[in-house]
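Trainee: My questions will all concern the structure given below.
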Amino acid sequence: MTASAVMFRSAPDVRRKRLIRYGLAVGLLLVGFLLHLQLDSALTLSDQWRIATGAAPDSFEEFQFYYAAMPRALLAVMVGAVMALVGSLLQQVTQNPLLSPMTLGASSGAWLALVCVSIWLPDLLADYRAWFAMGGALVSVTLVLLIAGRSGLGGLPVILAGMATHILMGAVATAVILLNPYSADSLFIWGAGDLTQTDWEWVRWLLPKLSVALVILLIAPRPLTLLRLGDAAASARGLSTGPVLAVLLLLSLWLVSSAITAVGVISFIGLIAPNIARNLGARTSLDELVFSLVLGALFLLFTDGLAVIISQWTPDMVPSGTTAALIGAPALIWFARSKLSSRDQTALQVPEGAARVRRGVWIGVPVLLTLLTLLHLAFAPAALSPFDLSALFQWPSDLVLSLRWPRIVTALCAGAGMAVAGLILQRLIRNPLASPDILGMSAGATFALVAFTVFVGGSIHEGGPFIAFAGSASVLAVLLLLGRKTRYAPGIMILVGISLSAVIEALVHFVLAKGSDQAYAIIGWLSGSTYRVSSGQALFLAAGTVLLFLFSLMASRALTLISAGDAIAQARGLNTQRSRFVLLVLVCGFCALVTAIMGPIAFVGLLAPHVATMLGARKVWPQLWLAPAVGMMLMLFSDWLGWALLYPKQMPAGTIAAILGGAYFIFLLTRRRLG
Amino acid sequence: MAVRAFFLTGLCWLTVLFSSSASAVTVTDSRGEHEFDTVPERVVSISWAMTEDVIGLGIQPVGVADIDGYNTWVVRPAIPDGASDVGKRDEPSIEQLAALKPDVIILSNGQEGLIDKLEQIAPVLFFDAYNKDHDNAKAAREIFLELGRLFDKEAMARQKLDAMDAHIASLSEQLKAHFGPDLPQVTGVRFASSSVVMVYGPNAMSQAALTEMGFGMAMDQESNQWGIVQKKMTELSTISKDGILLYFKPSPGVEKLFAAPLWKAMPVARANRVAGVESTWSYGGALSIGYLAQAMTDALLTIAPQ
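In order, the protein sequences belong to chains L and Z. The opening residue of the first sequence carries number 138 in our numbering; numbering runs sequentially from there. The opening residue of the second sequence carries number -4 in our numbering; numbering runs sequentially from there.
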């Protein structure tokens, strides 16, 4: 469509516009580069020129200009350009405007690898850090691509696979950090993504690795142009897309891993630059690649400059990754919002299960739930070492019981709440991959609480439900605002989810990099723990969950009709617009409630409705009863495992649930591909 | 003789009797006053700084949080045998704590949220040891004395602090003999990466030790909660060539940094006035000021006087 539109316009007009576009962008880039150099330098321009053209530096200011300011500005241009180039390439190959190194989970793989190495093989970190980061990034991206498969690359599956891998790897890394405090501290600056340089070392390291970019610019445009015509047309002109894709992906992986290794986690550039490039009129493949590249350089130069300026005004250093995320997130939503129509309904086949719920399930599930509760109460892990079978099970004292029941109630309610939220969301947007943690609803509450702690101060545990509700409600407002036009398409929700979680991550890394103990409180809370929940909070959560559950039961007819399709629902006299709104409010209510009390819980909202379906709950009504029961079991088991596994140390239930759920999710996506 | 022995024993008994009846003690933590009928014997400490204080007072705690972590990062004073691990500092095991039947549980920063829960197990003392609104080093001394009062060892607490001050004074003499009566200005840092440093400021324990020894600060710094601020490496250039830069170990990759041209161009590096301090915990209790003073003195003495 775009190609034909270009052809019908007069060629000189197009060329003139392109010339203006490039002239402006390159001009801005040059000015930006020069301004960036002035940010941290007291030298006169003529002195700067003297140093830049090869005069040996003498005073410290001159050394600083040559060894800090110059490499930093250059690195910003290099990294920005390369991230954007790769983003553009990925988006063109897949025709998926949400694809980027970030959404493919490259950084989380590198992060996990480095965290593990710094704790278990610290001696190797200094010398082989680049290779471990690169290996981690390669593994995670390959994993995401394998999960998504060829057919999934164009749509939501690859984005969801990326999010799932990201959450899973992030959960593992957090668990490792929490169990080994301070050991990974040296990584936190890298995790926050910072361009501060003290030598030409990284520029020199990165430059040869980026030569691959030239290869991409040379060989990519032709196959990309052909790909736009579709696979069939491309192979008709003698291009077998498979190998070309593979080579291009491999090259971009190499570029991204190198850039991440050099500067750390700087998100959004690869995602946003190609979207802006298209928005500003880049049409042909080569045009898109090159213009994205220029814009990416410009974007990172600008956000990094901002980081430098803010750092001069605040006592703490602000890493480049933080400003990139804070500016990138809203910009991304703004530029990509119109690209995401509701076309993307790539459904996923939930594994086949029973056709209807057997009677045994209705009996077995409550029995199992009771047994799990008893296990949680009566198991005494202290008797594991030294092993003493007779003491392994004992009823807790009244004191311990009074301190233990809130966490059990919390686990049960959180599991049930997230399960119902996930169920509603999956039915609402007719995509079984939907889940409140991936779609940004929990992220809103999380973001509000983390931002409260970072900017207002005080403990994250004191934030309380009101701030969480405010966060969830603002996300809801944004979704409704954006969703009216797109008819609540999953794409826009995922966009908000991705953006918010990237901003949360940037904030958390910013706090981590500050090097205070506050960071550990925040990442502890982010892992979703039942530990601190008081009896009052637990009762509040229970009452809220029951209330919202009753509302959900009342909305079950609307849910049934909407999941059958808007046309059918409207024919039966349902106001679909209003029902969607009410159902979305319900989902946000669940998320805010659970997140405020216990912290963000990943995957349960995805997994529980699936298991219910596999057990035979195909219709809304039985699923509404079975899914929360499954969610309860999952959370209760996670809570118990996290408590008993390393007793007396404990791991948060949210982390265990994320690892269990993430593994299932990856299994599910792989199955879909194989099947 | 027998009469005298009898008399003495009686006197002893009387003392014990009086002291135990008088041992109903009131201590003040960051939340207010707390009354204890008897001197607590079974002590659990959840924060490392408090653990340091408790052990420093000669108390053998029955429970300590994250012993492995303490042994890795805090090291001194060593935790006596017999203390059981009660789990992580942010989420100590309720079951383990209840089983220990403590007389008092001591918490500090970051553990405010545990108070309500743990108070159901035993009386809880919470000390807001690190706070941007007070002098951390002064607060640490007060907490140490308060704990001394709690354990009926106030005299011992005072004596330990006095001994520490005397030790620091002797270190100061040693340093004045080395550098001359006008001591140079010193700033302590931790290298966070090849381009970023954590700079210790006025509210840091290490800076308190330096101040007590008579050193001024080589880099202007605002006061904040933990006394540490993250800065770009290049800002260390504000330390003059007469100043001294101390960096705390472990500092992996520091050789590479010191070989970089920009580093060599820093006034303080050009003057060769940089030294590494053996690994010492920076967020400890009152006695950690003494450990820090000793470790930094060892480092400072390796720097040639001008």
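Beta carbons are placed, not taken as given, at the ideal position from N, Cα and C, and that holds for glycine. These figures come from a predicted structure and were not determined experimentally.
#1: Less than 7 angstroms separating the beta-carbons of residue 776/L and residue 766/L?
#2: Does the stretch 339 to 351 of chain L come close enough to the stretch 392 to 404 of chain L that 3 or more CB-CB pairs lie under 8 angstroms?
#3: Consider the Cβ of residue 454/L: report whether some Cβ of chain Z lies at a distance smaller than 7 angstroms.
#4: Please name the residues in the stretch 104 to 124 of chain Z whose beta-carbon is closer than 8 angstroms to at least one beta-carbon of chain L, in chain order.
#5: Between the alpha carbons of residue 659/L and residue 736/L, how many angstroms are there, rounded?
#6: Round the Cβ separation of residue 205/Z and residue 291/Z to the nearest angstrom and send it over; I've been treating them as touching at under 8 angstroms.
#7: Quick check on residue 138/Z - is its C-beta less than 7 angstroms from some C-beta in chain L?
#8: Identify each residue in the stretch 70 to 93 of chain Z for which the Cβ-Cβ distance to at least one residue of chain L is less than 7 angstroms, and report them in chain order.
#9: Sort 307/L, 331/L, 313/L by Cα distance to residue 213/L and report the nearest one.
#10: Taking only beta-carbon positions, decide if residue 785/L is within less than 7 angstroms of chain Z.
#11: Would you call residue 259/Z buried or exposed, if buried means 16 or more other Cβ atoms sit within 10 Å of its Cβ?
#12: If you measure beta-carbon to beta-carbon, which residues of the stretch 655 to 672 of chain L are closer than 9 angstroms to chain Z?
#13: What residues match up with residue 185/Z in a beta bridge as DSSP calls it?
#14: In terms of DSSP beta bridges, what is residue 424/L paired with?
#15: Residues in the same chain with beta-carbon distance under 8 angstroms from residue 163/Z, minus the five sequence neighbours each way, listed in chain order, please.
#16: Using the C-alpha atoms, what's the distance from residue 22/Z back to residue 137/Z?
#17: In three-state terms, what does DSSP make of residue 62/Z?
#18: What residue from 247/Z, 256/Z, 144/Z, 134/Z has the CA that sits closest to residue 198/Z's CA?
#19: At a Cβ cut of 7 angstroms, what residues of the stretch 187 to 214 of chain Z count as close to chain L, listed as they run along the chain?
#20: Is it true that the stretch 410 to 418 of chain L meets the stretch 184 to 193 of chain L, where meeting means three or more beta-carbon pairs spaced less than 8 angstroms apart?
#21: Give, in chain order, every residue of the stretch 242 to 257 of chain Z whose Cβ lies closer than 7 angstroms to some Cβ of chain L.
#22: In the DSSP assignment, find the alpha helix (DSSP H) that holds residue 458/L and state where it starts and stops.
#23: Residue 398/L versus chain Z: which residues are under 8 angstroms apart at the beta carbon?
#24: Beta-carbon of residue 263/L versus every beta-carbon of chain Z: anything under 7 angstroms?
#25: Would residue 253/Z pass as a contact of residue 272/Z if the rule is Cβ separation under 7 angstroms?
#26: Does DSSP put residue 76/Z in a helix, in a strand, or in coil?
#27: What does DSSP give as the partner residue(s) for residue 765/L in the beta ladder?
#28: Mind listing, in chain order, the continuous beta strand (DSSP E) runs of no fewer than 3 residues lying wholly within the stretch 294 to 377 of chain L?
#29: Can you pull out the residues from the stretch 218 to 238 of chain Z whose beta carbon lies closer than 8 angstroms to at least one beta carbon of chain L?
#30: Can you check which of these residues, 583/L, 253/L, 233/L, 367/L, is closest to residue 312/L by C-alpha distance?
#31: Hey, quick one: how far does the beta strand (DSSP E) through residue 121/Z stretch, first residue to last?
#32: Could you name the residues of chain Z that residue 537/L contacts, counting a contact when the two beta carbons are closer than 8 angstroms?
#33: Is residue 516/L helix, strand or coil when you go by DSSP?
#34: Measure how close the beta-carbons of residue 59/Z and residue 81/Z come, nearest whole angstrom, since I'm counting them as under 8 angstroms.
#35: Using 6 angstroms as the cut-off, classify the Cβ of residue 373/L as near or not near the heavy atoms of the ligand MN, replying yes or no.
#36: Does residue 691/L get closer than 7 angstroms to chain Z when you measure Cβ to Cβ?
Mentor: Straight from the coordinates:
#1: Position 639 of the first sequence holds residue 776/L. Position 629 of the first sequence holds residue 766/L. For residue 776/L and residue 766/L, no; Cβs fall outside 7 angstroms.
#2: yes
#3: On the first sequence, residue 454/L is found 317 positions in, with the first residue counted as 1. Chain Z contact via Cβ: present.
#4: 104, 105, 107, 108, 109, 111, 112, 115, 116
#5: Residue mapping note: residue 659/L aligns to position 522 of the first sequence, counting from 1. Residue mapping note: residue 736/L aligns to position 599 of the first sequence, counting from 1. Approximately 10 angstroms between the Cα atoms of the pair.
#6: Walking along the second sequence from the start, residue 205/Z turns up at place 210. Walking along the second sequence from the start, residue 291/Z turns up at place 296. Their Cβ separation, rounded to whole angstroms, is 7 angstroms, which keeps residue 205/Z and residue 291/Z in contact under 8 angstroms.
#7: Stepping through the second sequence from its first residue, residue 138/Z is reached at position 143. Chain L contact via Cβ: absent.
#8: 80, 81, 82, 83, 85, 86, 88, 89, 90, 91, 93
#9: Position 76 of the first sequence, counted from the first residue, corresponds to residue 213/L. Out of 307/L, 331/L, 313/L, 331/L has the C-alpha closest to the C-alpha of residue 213/L.
#10: Reading the first sequence from its first residue, position 648 is the one you call residue 785/L. With 7 angstroms as the cut-off, residue 785/L counts as an interface residue toward chain Z.
#11: The residue you call residue 259/Z lines up with position 264 of the second sequence. Label assigned to residue 259/Z: exposed.
#12: 655, 657, 658, 661, 666, 668, 669, 671
#13: Residue numbering aside, residue 185/Z sits at position 190 when the second sequence is read from its first letter. In DSSP, residue 185/Z forms a bridge with 193/Z.
#14: Taking the first residue of the first sequence as position 1, residue 424/L is located at position 287. None; residue 424/L has no bridge partner.
#15: Taking the first residue of the second sequence as 1, we reach residue 163/Z at position 168. Result list for residue 163/Z: 204, 207, 208, 284, 285, 288, in chain order.
#16: In the second sequence, counting from the first residue as 1, residue 137/Z sits at position 142. In the second sequence, counting from the first residue as 1, residue 22/Z sits at position 27. Spanning the two alpha carbons is a distance of roughly 11 angstroms.
#17: Locating residue 62/Z in the second sequence gives position 67, counting from the first residue. Note: residue 62/Z maps to helix in three-state DSSP.
#18: Within the second sequence, residue 198/Z is the residue found at index 203, counting from 1. For residue 198/Z, the nearest C-alpha among the options comes from 134/Z.
#19: 187, 188, 189, 190, 191, 193
#20: no
#21: 247, 248, 255, 256, 257
#22: Here residue 458/L refers to the residue found at position 321 of the first sequence. 457 to 473 is the span of the alpha helix (DSSP H), which, as asked, contains residue 458/L.
#23: By one-based count along the first sequence, residue 398/L stands at place 261. None at all; the shortest Cβ gap to chain Z is about 13 angstroms.
#24: Taking the first sequence and counting its residues from 1, the one referred to as residue 263/L is at position 126. Chain Z contact via Cβ: present.
#25: Within the second sequence, numbered from 1, the residue matching residue 253/Z stands at position 258. Within the second sequence, numbered from 1, the residue matching residue 272/Z stands at position 277. Result no, Cβ atoms of residue 253/Z and residue 272/Z do not sit closer than 7 angstroms.
#26: Sequence index remark: in the second sequence, residue 76/Z carries index 81 (1-based). Correct three-state label for residue 76/Z: coil.
#27: Residue 765/L sits at position 628 when you count from the first residue of the first sequence. None, per the DSSP bridge assignment.
#28: none
#29: 219, 220, 221, 223, 224, 225, 226, 227, 228, 229, 232
#30: By one-based count along the first sequence, residue 312/L stands at place 175. Checked all of 583/L, 253/L, 233/L, 367/L; the closest Cα to residue 312/L is 253/L.
#31: In the second sequence, the residue the question calls residue 121/Z occupies position 126. That run of the beta strand (DSSP E) goes 119 to 122.
#32: The residue you call residue 537/L lines up with position 400 of the first sequence. Near residue 537/L (Cβ distances below 8 angstroms), the residues of chain Z are 89, 90, 93.
#33: Along the first sequence, read from residue 1 onward, the residue named residue 516/L stands at position 379. Residue 516/L: strand per DSSP, three-state reduction.
#34: Residue numbering aside, residue 59/Z sits at position 64 when the second sequence is read from its first letter. Residue numbering aside, residue 81/Z sits at position 86 when the second sequence is read from its first letter. Indeed, because the Cβ distance is near 7 angstroms, the residues count as touching under 8 angstroms.
#35: Of the ligands one can find in the structure shown there are none, so the ligand MN has no counterpart to examine.
#36: Your numbering for residue 691/L matches position 554 in the first sequence. Chain Z contact via Cβ: absent.
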